[in-house]
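Shown next, in structure tokens, is the structure this report addresses.
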Amino acid sequence: MSSPDLDFSVLPAVQSMSIFRGFDRDIERAMIAANLFDETLDRARGSVMLLHNAPTGDETWRAEAYIRGGLAEFGAMGDALSRDLHIASRIERPHAPLLSKNPLIHLLCAMRNVEIHTAPSKALSSKANVTLRHPDGSDSDSELPIVLIKDLRVARLLAKREVRRRYKREHFEMIVEWFNEKQKVFGAPYLMGRGVEIYCSEILLTHAPLPT
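Counting in the working numbering, the sequence shown runs from 353 upward without gaps.
Right under this line is the structure:
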């Protein structure tokens with residue numbers, strides 16, 4: 353089995369985020385306008401909603417449940433896309449998550465497999481030091497409660513044989529290192545939600561490209 357052609361240059365920069373979290377409005381409008389992705393969009397919205405609402409606090413099992421739910425909805429997007437294309441009588445290969453070149457999307461696929469088929473990941477409530485930018489242009493320092501995945505390790509992600517055969521270990525070492533560094537600042541659910549939105553953008557580019 354050949355390894356996917358991953359492109360680490362397309363990982364999101366993730367330098368800031370809004371405290372008002374939700375599904376990207378521009379992507380949502382584009383998917384609605386395409387009049388093609390009814391179930392796919394519902395799955396994507398559901399995934400991002402669950403991920404962004406993963407609660408902080410001592411009862412980390414609640415955050416773990418939201419994360420599992422968000423990953424399950426993400427995992428259903430590929431089949432949803434196939435159904436949407438079939439309903440529209442579009443005879444073309446669906447852009448499944450595993451066809452992406454973005455390492456973050458492949459990480460989400462592996463995380464979803466771990467959550468569904470092996471022991472679920474453990475969440476950890478934490479706080480990130482952030483700078484808030486106010487409407488008047490002023491800044492202030494604050495602490496933002498975030499949720500981390502504390503046992504995101506290459507060995508866990510590559511536990512299943514088919515996953516080990518699909519990927520080069522060094523690729524997973526790189527993406528896990530990237531994710532673990534970024535989640536300390538932005539939290540795991542936000543990064544995962546960005547991955548879902550990136551996959552939606554790829555679906556639009558593949559199946560509903562803008563006219564040139």
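Glycine included, each C-beta is placed from N, C-alpha and C at the ideal position.
Leaving out five residues on either side along the sequence, give the residues of the same chain with a beta carbon under 7 Å from the beta carbon of residue i.
i: C552; result: I379, M383, A396
i: N465; result: K512, V515
i: L402; result: Y418, G421, G422, E425
Specify the secondary structure class of residue i as computed by DSSP and reduced to three states.
i: V499; result: strand
i: A365; result: coil
i: S441; result: coil
i: S452; result: coil
i: H523; result: helix
i: A415; result: helix
i: R297; result: Nothing about residue 297 can be read from this structure; the chain reaches only from 353 to 564.
Where do the ends of the alpha helix (DSSP H) carrying residue i lie?
i: L509; result: 506-509
i: T392; result: 390-404
i: T558; result: 540-559
i: D378; result: 377-386
i: R517; result: 513-518
Examine chain C for any beta-carbon lying closer than 8 Å to the beta-carbon of residue i, and answer yes or no.
i: L403; result: Among the chains in the structure shown there is no chain C, since it carries only a single protein chain.
State the beta-bridge partners of residue i as determined by DSSP.
i: D410; result: Beta-bridge pairing links D410 to no other residue.
i: L423; result: In DSSP, L423 forms no bridge with anything.
i: L476; result: L500
Here's the rule I'm using: 16 or more other beta-carbon atoms within 10 Å means buried, otherwise exposed. How should residue i be labelled?
i: S452; result: buried
i: A471; result: exposed
i: A385; result: exposed
i: F538; result: buried
i: I443; result: exposed
i: D436; result: buried
i: K520; result: exposed
Apart from the five residues on each side of it in sequence, which residues of its chain come closer than 8 Å, Cβ to Cβ, to residue i?
i: E467; result: I419, R420, L423, A424, S473
i: H404; result: R373, G374, P541, Y542, G545
Near residue i, which residues of its chain fall below 6 Å by C-beta distance, leaving aside the five closest residues on each side in sequence?
i: R516; result: L510
i: L476; result: L500, K502
i: T558; result: H447
i: L556; result: A382
i: D359; result: K453
i: L433; result: T392, P446
i: G547; result: L456, I457, L460
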